[in-house]
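Quick notes on the structure that follows.
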Amino acid sequence: MNQVFTVEGMTCGHCEKAVIKALMQLDPQAKVAVDRTQNKVEVDSAQSRDALANAIADEGYKVVN
Numbered sequence: 011m012n013q014v015f016t017v018e019g020m021t022c023g024h025c026e027k028a029v030i031k032a033l034m035q036l037d038p039q040a041k042v043a044v045d046r047t048q049n050k051v052e053v054d055s056a057q058s059r060d061a062l063a064n065a066i067a068d069e070g071y072k073v074v075n
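In short: position in the sequence shown from 1, add 10, done, that's the working numbering.
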C-alpha cells in the first residue's frame, strides 16, 4: 500500500538516510522516496500506517500526518 507522510525535522541528507534506513529495517521490501524540501516521505509497504509512522518517529522526526 502506498502512503505519504508529512515529516518535520528532516534538514539534510543524513536525515533522509536515517528515515529510509528505519523504514527499510521495518520492511526490507518497502519502496521509499524522501523529499525533504517538501517534508514528504512516500512509502510503498505492506506495513500499517501506524507502524511506518512509529519507525519515522523513533528516529526523532515528527510525523504530522
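Don't be surprised by glycine CBs; every beta carbon is placed ideally from N, CA and C. What you are looking at is a predicted structure, and each value in this text was computed from that prediction instead of being measured.
Item to complete: Put residue 56 into one of helix, strand or coil per three-state DSSP.
Response: coil
Practice prompt. Could you say which of 16, 56 and 43 lies nearest to residue 27 if we only look at CA atoms?
Written response: 43
Worksheet entry | Sequence-distant residues of the same chain with beta carbon closer than 7 Å to residue 13, five excluded per side | 53, 59 and 62
Worksheet entry | Assumed close pair residue 55, residue 11 - CB separation to whole angstroms, cut-off 8 Å | 7 Å
Discussion item. Can you tell me where the beta strand (DSSP E) holding residue 13 begins and where it ends?
Written reply: 12-18
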